[in-house]
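Participant: Residue numbers (full-length UniProt numbering): 1 to 254.
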């Protein structure tokens, strides 16, 4: 009898241990702090325009900081640049950031977000670099410092526009997207942007291996098949103000 009791106790203990081991992963992942969702909720505050996340607030601050140094950089370019292309880029910076800064301050006031009134130390250093340069060196520094800065904030704008749950931030991201893309285009039109340096810097900061098709082996790949409308659909061309073929949008027949 004692042996039978001992055997039963061992079987019960084994069953309890097994159930516990199976239940532990479910419990440990079901509701734990430190997850992305928990961090998002903890960093967000409720507003009448939707939740305002930490990323949203960081975006507001970065839009403000961009204007604090890029606007004076643009004014300086208008006054000092030796070529018209740099002057034109400077003019777009002044006009764009004057408008965008006003929008950012309006949104921040409604959402109760405190904004800085001085550029960062790094941005002040960039302004000092521009002030100390002249001629071709000035043009090169202007185009590359500003193009690099715009490229980095461009990525943040895309993330915020994609993920924000706040309607004011979403609209500001849309406005910033247009402004920053215009500035990038004007800076690249100067012919002074070092695209190799930008690519090298980005590659140096990457942690994952690149993915995509293998490098070409010298032979041209087969031409891709054209997009064919499904039954009941057609593609109508619309005029475009940009060079190149018109953009096609899908329309349905009545």
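Note that the Cβ used here is the ideal one computed from N, Cα and C, for glycine as well.
With DSSP as the reference, please indicate the residues paired to residue 52 in a beta bridge.
Facilitator: Residue 52 pairs with 45.
Participant: Just the Cα atoms here: how many angstroms apart are residue 40 and residue 55?
Facilitator: Each residue's alpha carbon lies about 9 Å from the other.
Participant: Could you spell out the range, first to last residue, of the alpha helix (DSSP H) harbouring residue 177?
Facilitator: Residue 177 -> alpha helix (DSSP H) spans 167-188.
Participant: Please specify which runs of the alpha helix (DSSP H), each continuous and at least 4 residues long, are wholly inside the UniProt domain "DUF4142" (55-189), giving them in chain order.
Facilitator: The qualifying runs are 84-111, 121-132, 135-163 and 167-188.
Participant: Strictly under 8 Å for the Cβ-Cβ distance: is residue 119 near chain D by that measure?
Facilitator: The question asks about chain D, but that chain is absent: this structure has only one protein chain.
Participant: Looking only at C-alpha atoms, which of 35, 36, 37 and 53 sits nearest to residue 43?
Facilitator: Taking only the C-alpha atoms, the option nearest residue 43 is 53.
Participant: At the level of alpha carbons, what is the spacing between residue 60 and residue 118?
Facilitator: Straight-line Cα distance between these residues: approximately 14 Å.
Participant: Given a threshold of 16 other Cβ atoms within 10 Å of its Cβ, counted over all protein chains shown, does residue 64 qualify as buried or as exposed?
Facilitator: With 16 or more Cβ atoms within 10 Å of its Cβ, residue 64 is classed as buried.
Participant: Taking the alpha-carbon of residue 126 as reference, which of 68, 115 and 202 has the nearest alpha-carbon?
Facilitator: Residue 126 has its Cα closest to that of 68, out of 68, 115 and 202.
Participant: Between residue 133 and the rest of its own chain, which residues show a CB-CB distance below 6 Å, the 5 nearest in sequence each way excluded?
Facilitator: Counting only Cβ-Cβ distances below 6 Å, and skipping sequence neighbours, we find 141.
Participant: Would a C-beta distance cut-off of 8 Å place residue 261 and residue 93 closer than the cut-off?
Facilitator: Look at the range of the chain in this structure, 1 to 254, and you will see that residue 261 is not part of it.
Participant: Which first and last residues belong to the alpha helix (DSSP H) in which residue 206 is found?
Facilitator: Element bounds for residue 206: n/a, residue is neither H nor E.
Participant: Determine the closest residue to residue 147 out of 227, 171 and 192, with distance taken between C-alpha atoms.
Facilitator: The shortest C-alpha separation from residue 147 is found at 192.
Participant: Does residue 38 come out as helix, strand or coil in the three-state DSSP assignment?
Facilitator: Reduced to three states, the DSSP call for residue 38 is helix.
Participant: Output yes or no for whether 8 Å exceeds the beta carbon distance between residue 153 and residue 62.
Facilitator: Going by C-beta atoms, residue 153 is nearer than 8 Å to residue 62.
Participant: Mark residue 96 as exposed unless 16 or more other C-beta atoms lie within 10 angstroms of its C-beta, in which case mark it buried.
Facilitator: Label assigned to residue 96: buried.
Participant: Quick check: what's the CA-CA separation for residue 173 versus residue 107?
Facilitator: Looking at the two C-alpha atoms, the distance is approximately 11 Å.
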